[in-house]
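Worksheet: one structure, shown below.
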Amino acid sequence: MGNGGDFSISSGGESFGLGDFAYGLICGATLHETAQVVAAASGLSPEATNVATVVKLVRICTLAPMVLGIGWWIRRSAVGKAGEAKVSLVPWFLVMFVVFSLLVSVVSDAGFQGFVKDAVNPFVKLLLAVGMAGVGLQTNVRDLWKAGWKALGLGLAQWLVLIGITLLAMLALGMFA
Numbered sequence: 245m246g247n248g249g250d251f252s253i254s255s256g257g258e259s260f261g262l263g264d265f266a267y268g269l270i271c272g273a274t275l276h277e278t279a280q281v282v283a284a285a286s287g288l289s290p291e292a293t294n295v296a297t298v299v300k301l302v303r304i305c306t307l308a309p310m311v312l313g314i315g316w317w318i319r320r321s322a323v324g325k326a327g328e329a330k331v332s333l334v335p336w337f338l339v340m341f342v343v344f345s346l347l348v349s350v351v352s353d354a355g356f357q358g359f360v361k362d363a364v365n366p367f368v369k370l371l372l373a374v375g376m377a378g379v380g381l382q383t384n385v386r387d388l389w390k391a392g393w394k395a396l397g398l399g400l401a402q403w404l405v406l407i408g409i410t411l412l413a414m415l416a417l418g419m420f421a
């Protein structure tokens, strides 16, 4: 669904004559994966990419309170039976995200940002490409077929509603010329 959205937003943005800011906002607000957001927005301009990345990161930042809240709720309502593991309140990936965010902040504050960025950037691009390939290679067409058109339709409907809400918000805020 995300890759299809990547391609359709890329072609739709140019067709509808969206400016860099509006296009970046739509990419960041509606695409599911950060790599897809960057790929779609970078097709237009660096400004669109910057806007899209910030919007996507804001969406990501709202995940932490939601994950903690849902984790707390599930943990609170889980009946602890003898020998059963309790549901972790904080997932490991969230802990690692915070650790790496702090590490980047410390490196940046220490004045090593340019050096570290130049040294790490090729590896980041490689890992991003490997990750995207991994997502594609893990896609099993038989599983998609078993899930049926209802699941695909539900995903498509969710994405279209998200686009609609984004466009209505942009219209209400006067973001269209």
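Residue numbers for the sequence shown follow the working numbering, so the first one is 245 and each next one is one higher. Every residue gets a Cβ at the ideal spot worked out from N, C-alpha and C, and that includes glycine.
DSSP state of residue i mapped onto helix, strand, coil
i, result
"E277", "coil"
"T383", "coil"
"G418", "coil"
"L412", "helix"
"G399", "helix"
Residue i, buried or exposed, once every other Cβ within 10 Å from all chains shown has been counted against 16
i, result
"G268", "buried"
"I253", "buried"
"L412", "exposed"
"I270", "buried"
"Q280", "buried"
"W403", "buried"
Check: residue i C-beta below 7 angstroms from any heavy atom of the ligand FMN
i, result
"T274", "Within the structure as shown, the ligand FMN is missing, as the structure has no ligands at all."
Complete runs of the alpha helix (DSSP H) confined to the segment 260-324 [at least 4 residues]: You should have 264-274, 278-286, 290-321.
So does the segment 266-276 actually touch the segment 292-303, counting three or more Cβ pairs closer than 8 angstroms? The segment 266-276, when compared against the segment 292-303, does touch it at the 8 angstroms Cβ threshold.
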